[in-house]
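Letter 121 of the sequence shown, counting from 1, is numbered 123 in the working numbering, and no numbers are missing. For each residue, glycine too, the CB sits at the ideal point set by N, CA and C. One structure is given here, and the rest of the page talks about it.
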Amino acid sequence: MNIEALYKIYQQHPHIQTDSRKIAAGDLYFALKGGNFDGNNFAAQALQDGAAYAIVDDPTVVASDKYILVDDVLSTLQHLATHHRKQFNIPFIAITGTNGKTTTKELAYQVLSSSFRTYATEGNLNNHIGVPLTLLKIRPDAEMAIIEMGANHEKEIAFYCGIAQPNYAIINNVGKAHLEGFGSLEGVRRAKGELYDYIRQTNGTIFINADLYYLQEMAQGITKQVRYGSANASVLGRVISGGPCLQFAVLSSGMETLIQTQLVGDYNFPNAMAAVAVGHHFGISVDKIKTALEAYSPSNSRSQLIQKGNITIIMDAYNANPTSMKLAIDNLAAMQTEKEKWLLLGAMKEMGENCKQEHEALVQLAQAHGFTNVILVGKEFEQVQHNYRYFETAAAAGEWLAAHLPDNAIMLVKGSRGSKMEDTLQI
Numbered sequence: 003m004n005i006e007a008l009y010k011i012y013q014q015h016p017h018i019q020t021d022s023r024k025i026a027a028g029d030l031y032f033a034l035k036g037g038n039f040d041g042n043n044f045a046a047q048a049l050q051d052g053a054a055y056a057i058v059d060d061p062t063v064v065a066s067d068k069y070i071l072v073d074d075v076l077s078t079l080q081h082l083a084t085h086h087r088k089q090f091n092i093p094f095i096a097i098t099g100t101n102g103k104t105t106t107k108e109l110a111y112q113v114l115s116s117s118f119r120t121y122a123t124e125g126n127l128n129n130h131i132g133v134p135l136t137l138l139k140i141r142p143d144a145e146m147a148i149i150e151m152g153a154n155h156e157k158e159i160a161f162y163c164g165i166a167q168p169n170y171a172i173i174n175n176v177g178k179a180h181l182e183g184f185g186s187l188e189g190v191r192r193a194k195g196e197l198y199d200y201i202r203q204t205n206g207t208i209f210i211n212a213d214l215y216y217l218q219e220m221a222q223g224i225t226k227q228v229r230y231g232s233a234n235a236s237v238l239g240r241v242i243s244g245g246p247c248l249q250f251a252v253l254s255s256g257m258e259t260l261i262q263t264q265l266v267g268d269y270n271f272p273n274a275m276a277a278v279a280v281g282h283h284f285g286i287s288v289d290k291i292k293t294a295l296e297a298y299s300p301s302n303s304r305s306q307l308i309q310k311g312n313i314t315i316i317m318d319a320y321n322a323n324p325t326s327m328k329l330a331i332d333n334l335a336a337m338q339t340e341k342e343k344w345l346l347l348g349a350m351k352e353m354g355e356n357c358k359q360e361h362e363a364l365v366q367l368a369q370a371h372g373f374t375n376v377i378l379v380g381k382e383f384e385q386v387q388h389n390y391r392y393f394e395t396a397a398a399a400g401e402w403l404a405a406h407l408p409d410n411a412i413m414l415v416k417g418s419r420g421s422k423m424e425d426t427l428q429i
């Protein structure tokens, strides 16, 4: 079946499901394959549970006209998503970067949805499956779309651009992450820069953090730029306070508007300013932008502030890399507080041959700031010399912490998702 014919079926049944256990009546079931499963084997059950059709690529499972046989289910899903995207003549904003892309996406969505019917990536479904699924959830009433793009190797962002065809773009920043796949910081820059390459080729528009010189270098040749930041930008702001929650001011029409966010740390200032720039560009008033940003409450262990008695917890443990770790540690070090400061640091993943070096740098950073209450979690810290308390698992760290709770403390809980640092909070 060609994409045009499949698209007509999709228009009648616009709900896509790739998990046969979550089928609802009328869904289209796409039988994707994974390392340990083959979705073709669950097509019959999906149809029995109410799926309108099952899209499969194994001819041996086809048992009725409710099966749609294709050469490859994944590529068909991706081509269908691109065909759907082409039906829209609205802003499609792609967001990528090393740190803060999901937070930026959420903030931009909060701002845009105050004035437009906006669709955005749910959670962090930003990979080769998540990007097409996001596109296929966009309904005909859409006025704005925000597509988050993640990557752990080169050419990945370029591939997603081919699917989503964005006409606006944001690269938050470029830092050390997924070094196992990218090889080096320069590799990360090339990979993230693929988004700028696409915008340059298609004469699109970028929202660019004017405070980051390397983004300006990467953006050479892009004529349509909306610059935001603390200087040399059309959308200006400044940090008032970074802790525990970010407070900043936006300069508009010669007046400053104070915005009190629920996001921990001044390292979220660029993320918030990106959302301000997006809102400003599309004609949303600064008062509406302020209301939207102040209403946003972070969740899912992203820059969350949690209060448990006299203990303040900065929970920022959804993801971590050397750049985001340093920003979070520096932020706690600079925070003016009478509370005892604690660092609960989980190991970083996908560091490749840089693993030992980057974990040593974290320990040295904590030492340089004079932190004494430090708990390190994860085998990646085993080869690092330090005088801090160490645990192999977050659960073990949590057991110790529950028995040795300080009376009045502020704790930064930071680590890669694989470190499961939320398990330290048995308090």
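1) Which of the three DSSP states is assigned to E258 in this structure?
2) Considering only C-alpha positions, which residue in the set N333, Q218, Y298, Y69 is nearest to Q262?
3) Any idea what DSSP makes of T12, helix, strand or coil?
4) Just to confirm before moving on: does the CB-CB distance between E384 and C357 stay below 8 Å?
5) If we count the other Cβ atoms within 10 Å of its Cβ and call it buried at 16 or more, is L407 buried or exposed?
6) Whose C-beta lies closer than 6 Å to the C-beta of L238 among residues of the same chain, with five residues either side of it excluded?
7) Assess contact between the region 151 to 162 and the region 81 to 100, defined as three or more Cβ pairs (one per stretch) separated by less than 8 Å. Is contact present?
8) My understanding is that Q227 touches A221, with C-beta atoms under 8 Å, so please give their C-beta distance in whole angstroms.
9) Report buried or exposed for L260, applying the criterion of at least 16 other Cβ atoms within 10 angstroms of its Cβ.
10) Is it right to say F271 is buried, meaning 16 or more other beta carbons lie within 10 angstroms of its own, or is it exposed?
11) Which one of Y198, N154, P142, A171 has the shortest CA to CA distance from L187?
12) My guess is that V63 and Y69 are in contact by the Cβ rule of under 8 Å, so how many angstroms apart are they, rounded?
13) Look at the Cβ atom of L135, then the Cβ atom of I18, and state whether they are nearer than 8 Å.
14) Quick one: what's V58 bridged to in DSSP?
15) Write down every uninterrupted run of the alpha helix (DSSP H) in the region 66 to 113 whose length is 4 residues or greater and which is fully enclosed by it, in chain order.
16) Going by beta carbon distance, what residues of the same chain come within less than 7 Å of A396, once the five residues before and after it are set aside?
17) Who are the Cβ neighbours of K107 in its own chain at under 7 Å, not counting the five residues just before and after it?
18) Output the distance between the C-alpha atoms of Y392 and Q50, rounded to the nearest integer angstrom.
19) For E156, which of helix, strand or coil comes out of DSSP?
20) Which same chain residues end up closer than 6 Å to D1 when comparing Cβ atoms and leaving out the 5 residues on each side of it in sequence?
21) So for Q385, helix, strand or coil by DSSP?
22) Does the distance from the CB of S66 to the CB of G41 come in under 8 Å?
23) Would you decide whether Q80 is buried or exposed? Buried here means 16 or more other CB atoms lie within 10 Å of its CB.
24) What's the gap between the Cα of I242 and the Cα of D268?
25) If we call anything under 8 Å between Cβ atoms a contact, is V266 one with C247?
26) Look up A349 in the DSSP assignment and say whether it is helix, strand or coil.
27) For W344, count the other beta carbons within 10 Å of its own beta carbon; 16 or more makes it buried, fewer makes it exposed. Which is it?
28) Is I315 helix, strand or coil when you go by DSSP?
29) What residue does the alpha helix (DSSP H) around V288 start on, and which one ends it?
30) Pull up the distance between the alpha-carbon of K194 and that of K103, whole angstroms please.
31) Do A274 and F250 count as a contact pair if the criterion is CB distance below 8 Å?
32) Considering only residues of the region 349 to 421, which uninterrupted beta strand (DSSP E) runs meet the minimum length of 3 residues and lie entirely inside it, listed in chain order?
33) Got a sec? Which residues, its chain only, sit under 7 Å from D409 by beta carbon, not counting five neighbours each side?
34) Beta-carbon of K226 versus every beta-carbon of chain C: anything under 8 Å?
35) If you drop the 5 nearest sequence neighbours on each side, which residues of the same chain put their C-beta closer than 6 Å to that of A294?
36) Applying the criterion that 16 or more other CB atoms from any shown protein chain within 10 Å of the CB defines a buried residue, is K157 buried or exposed?
Inspection of the coordinates gives the following:
1) For the purposes of this step, residue 258 is taken as residue 256 along the sequence shown, with counting starting at 1. In this structure, E258 counts as strand in the three-state DSSP scheme.
2) On the sequence shown, position 260 is the one that residue 262 refers to. Closest by C-alpha distance to Q262, out of N333, Q218, Y298, Y69, is Y298.
3) Taking the first residue of the sequence shown as position 1, residue 12 is located at position 10. Residue identity differs from the one stated: residue 12 is Tyr in this sequence, not Thr. Three-state result, Y12: helix.
4) The count along the sequence shown starts at 1 and reaches residue 384 at position 382. The count along the sequence shown starts at 1 and reaches residue 357 at position 355. Not in contact: E384 and C357 (Cβ atoms no closer than 8 Å).
5) Start at 1 with the first residue of the sequence shown, and residue 407 comes out as number 405. So L407 ends up on the exposed side.
6) The sequence position of residue 238 within the sequence shown is 236, counting from 1. Taking C-beta separations shorter than 6 Å and ignoring five residues to either side along the sequence, the partners of L238 in its chain run L253, following chain order.
7) With the cut-off at 8 Å, the region 151 to 162 and the region 81 to 100 touch.
8) As a working note, residue 227 is residue 225 in the sequence shown. As a working note, residue 221 is residue 219 in the sequence shown. About 6 Å; that satisfies the 8 Å criterion.
9) As a working note, residue 260 is residue 258 in the sequence shown. With a threshold of 16 other beta carbon atoms within 10 Å, L260 falls short and is exposed.
10) Here residue 271 corresponds to residue number 269 of the sequence shown, with the count starting at 1. Buried, by the Cβ-count rule.
11) For the purposes of this step, residue 187 is identified with residue 185 of the sequence shown, where counting begins at 1. Each of Y198, N154, P142, A171 was checked against the Cα of L187, and the nearest Cα belongs to N154.
12) As a first step, residue 63 must be located in the sequence shown, where it is residue number 61. As a first step, residue 69 must be located in the sequence shown, where it is residue number 67. Separation of the CB atoms of V63 and Y69 is rounded to 7 Å, and the pair is thereby assigned contact status at 8 Å.
13) Taking the first residue of the sequence shown as 1, we reach residue 135 at position 133. Taking the first residue of the sequence shown as 1, we reach residue 18 at position 16. Contact: yes.
14) Residue mapping note: residue 58 aligns to position 56 of the sequence shown, counting from 1. In DSSP, V58 forms a bridge with L71.
15) Runs found: 75 to 87.
16) Along the sequence shown, one-based indexing puts residue 396 at 394. A distance below 7 Å between beta-carbons, with the five flanking residues on each side excluded, links A396 to the following residues of its chain, in chain order: G348, V379, S421, K422, M423, D425, T426.
17) Along the sequence shown, read from residue 1 onward, the residue named residue 107 stands at position 105. Cβ contact annotation for K107 (same chain, cutoff 7 Å, sequence separation greater than five): I97, A122, T123, I148, E150, in chain order.
18) The sequence position of residue 392 within the sequence shown is 390, counting from 1. The sequence position of residue 50 within the sequence shown is 48, counting from 1. Using only the alpha carbons, I get a separation of about 51 Å.
19) Translated into the one-based positions of the sequence shown, residue 156 becomes position 154. The answer is coil: DSSP assigns E156 none of H, G, I, E or B.
20) The displayed coordinates of the chain run from 3 to 429. Any statement about residue 1 would go beyond what the structure contains.
21) Here residue 385 refers to the residue found at position 383 of the sequence shown. It is coil, neither helix nor strand.
22) The residue you call residue 66 lines up with position 64 of the sequence shown. The residue you call residue 41 lines up with position 39 of the sequence shown. Contact: no.
23) The count along the sequence shown starts at 1 and reaches residue 80 at position 78. When all chains shown are included, Q80 counts as buried.
24) Counting from one through the sequence shown, the residue named residue 242 turns up at place 240. Counting from one through the sequence shown, the residue named residue 268 turns up at place 266. Taking the CA atoms as reference points, I242 sits about 9 Å from D268.
25) Your numbering for residue 266 matches position 264 in the sequence shown. Your numbering for residue 247 matches position 245 in the sequence shown. Contact: yes.
26) What you label residue 349 is simply residue 347 of the sequence shown in a count that begins at 1. The three-state reading of DSSP puts A349 in coil, since its state is none of H, G, I, E or B.
27) In the sequence shown, the residue the question calls residue 344 occupies position 342. The C-beta of W344 has 16 or more other C-beta atoms within 10 Å across all chains shown, which makes the residue buried.
28) Along the sequence shown, read from residue 1 onward, the residue named residue 315 stands at position 313. Of the three classes helix, strand and coil, the one that applies to I315 here is strand, per DSSP.
29) Numbered from its first residue, the sequence shown carries residue 288 at position 286. For V288, the enclosing alpha helix (DSSP H) covers residues 288 to 297.
30) The count along the sequence shown starts at 1 and reaches residue 194 at position 192. The count along the sequence shown starts at 1 and reaches residue 103 at position 101. Approximately 12 Å, taken between the alpha carbons.
31) Position 248 of the sequence shown, counted from the first residue, corresponds to residue 250. Position 272 of the sequence shown, counted from the first residue, corresponds to residue 274. Yes.
32) With a minimum length of 3 residues, the continuous beta strand (DSSP E) runs that stay inside the region 349 to 421 are 375 to 379, 391 to 393, 411 to 416.
33) The sequence position of residue 409 within the sequence shown is 407, counting from 1. For D409, where only same-chain residues beyond five positions count, the Cβ hits under 7 Å are N312.
34) Reference to chain C is not applicable here, since this structure consists of a single protein chain.
35) One-based indexing of the sequence shown puts residue 294 at position 292. Counting only Cβ-Cβ distances below 6 Å, and skipping sequence neighbours, we find Q112, V113, S116.
36) On the sequence shown, position 155 is the one that residue 157 refers to. Here K157 is exposed, its C-beta having fewer than 16 other C-beta atoms within 10 Å.
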